[in-house]
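Novice:
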Amino acid sequence: MDYHDDDLRKFEAHGATPLPATRDEGQVEHEGAKIWYAAFGAGPPVILLHGGLGHSGNWGFQVPALVEHGYQVVVIDSRGHGRSTRDERPYKYELMASDVLAVMDTLHLKKAAVVGWSDGACIALILGMKAADRVTGVFFFGCNMDPSGTKEFEPSPIIERCFGRHAKDYAELSATPDQFDAFVKAVGLMMKTEPNYSAADLARTRVPVAIVQSEHDEFIRDEHATYLARSVPASKLIILPGVSHFAPLQRPEQFNGVLLAFLENIYS
218 MDYHDDDLRK FEAHGATPLP ATRDEGQVEH EGAKIWYAAF GAGPPVILLH GGLGHSGNWG
278 FQVPALVEHG YQVVVIDSRG HGRSTRDERP YKYELMASDV LAVMDTLHLK KAAVVGWSDG
338 ACIALILGMK AADRVTGVFF FGCNMDPSGT KEFEPSPIIE RCFGRHAKDY AELSATPDQF
398 DAFVKAVGLM MKTEPNYSAA DLARTRVPVA IVQSEHDEFI RDEHATYLAR SVPASKLIIL
458 PGVSHFAPLQ RPEQFNGVLL AFLENIYS
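So my numbering is basically just the index in the sequence shown, starting at one, shifted up by 217.
Okay, structure coming up:
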């Protein structure tokens, strides 16, 4: 039966389903931070990059499905998020992209598909633009690549529930559990000024890209997703009906189906 949590009440109360057990986890020291990662399964590698203020556990509904379909799955907590630490320098998407490459080097992954959600999607597409020799393809879900792509913020119960869950998880996982407010402020500062890539930057992308936009995304303009699909050469626009910015949690089977089809296509 399809799992549904359209209003995120289950996510607020319990989080996503827990990640599977693994012996393959650790931290990579890179650029003043310790970046936490975990790997599951075997097969063609797929890296999952979570959204801003979240952590790898938000992919709990995706990891088992990918492992079951024969992929090696690597999850990474972005610097300052989840179990990863950070130094005093400001958050930068390109710095976080370099953290992903450091984890890949540690795991001896020459190349991988990169799946990004929100901030993680920005990091994934930066890798697709600037480190194409390391990227098999990019699954870009729910993000902007310049300031014109975002809607004016409107609070809603769904966003509040997600934020509440992030606050609980941060207190439980972070090395600085009492600094959530400062963390939110620092990530928010990055989001106000980044990303800011031009159509010419996007045009230099040379890997297959799925631009995935939800019908009811709270943060990203539909026309921006269309613009990205037009600007990134080897890309395809996919619309997810009935869900919002939180589709991987709201209707995992729907999201996973689209993701698995993309991976099958780039790895076939």
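Note that CB positions come from ideal geometry on N, CA and C, so glycine has one too.
Which same chain residues end up closer than 8 Å to Leu344 when comparing Cβ atoms and leaving out the 5 residues on each side of it in sequence?
Specialist: Closer than 8 Å at Cβ, skipping near neighbours: Ala314, Val317, Leu318, Val331, Arg351, Val352, Val355.
Novice: Here's a check: name, in chain order, each residue in its chain whose Cβ is nearer than 7 Å to the Cβ of Asp304, leaving out the five neighbours to either side.
Specialist: The residues are Gly249, Ala250.
Novice: Note down the Cα distance separating Ala233 from Trp334, rounded to an integer number of angstroms.
Specialist: About 15 Å.
Novice: Under a Cβ-count criterion, where at least 16 other Cβ atoms within 10 Å of its own Cβ denotes burial, should Ala259 be classed as buried or exposed?
Specialist: The residue is exposed, with fewer than 16 neighbouring Cβ atoms inside 10 Å.
Novice: Bridge partners for Leu457 per DSSP, in chain order?
Specialist: Note: Leu457 sits in a beta bridge opposite Ser431.
Novice: Could I get the ranges of all uninterrupted beta strand (DSSP E) runs contained in the region 225-254, with 3 residues as the minimum, in chain order?
Specialist: If we require 3 residues or more, the beta strand (DSSP E) runs fully inside the region 225-254 come out as 242-247.
Novice: Starting from Ala388, trace the alpha helix (DSSP H) in both directions and tell me its first and last residue.
Specialist: Element bounds for Ala388: 374-390.
Novice: Excluding the five sequence neighbours on either side, which residues of its own chain have a C-beta within less than 8 Å of the C-beta of Pro450, listed in chain order?
Specialist: Taken in chain order, the residues that qualify are Ala420, Thr422, Arg423.
Novice: Which full runs of the alpha helix (DSSP H) of 4+ residues lie inside the region 252-336, going along the chain?
Specialist: Taking only runs of at least 4 residues, the alpha helix (DSSP H) segments lying wholly in the region 252-336 are 280-285, 310-323.
Novice: Please confirm if Glu470 has its CB atom under 8 Å from at least one CB of chain B.
Specialist: Chain labels in this structure do not include chain B; a single protein chain is all it has.
Novice: Just to confirm, are Val291 and Val245 a CB contact at a threshold of 8 Å?
Specialist: Cβ atoms of Val291 and Val245: not closer than 8 Å.
Novice: Out of His441, Thr367, Leu476, state which residue places its alpha-carbon closest to the alpha-carbon of Ala464.
Specialist: If we check each option's Cα against that of Ala464, Leu476 comes out closest.
Novice: Would DSSP call Val449 helix, strand or coil?
Specialist: The answer is coil: DSSP assigns Val449 none of H, G, I, E or B.
Novice: Can you grab the Cα-Cα spacing for the pair Ile340 / Tyr308, in whole Å?
Specialist: Ile340 and Tyr308: Cα-Cα distance of roughly 12 Å.
Novice: How would you label Ser273, buried or exposed, when you count the other beta carbons within 10 angstroms and need 16 or more for buried?
Specialist: It counts as buried.
Novice: Using only CA atoms, which one of Ser365, Met346, Pro425 lies nearest to Ile408?
Specialist: Residue identity check: residue 408 is Met in the sequence provided, not Ile. Checked all of Ser365, Met346, Pro425; the closest Cα to Met408 is Ser365.
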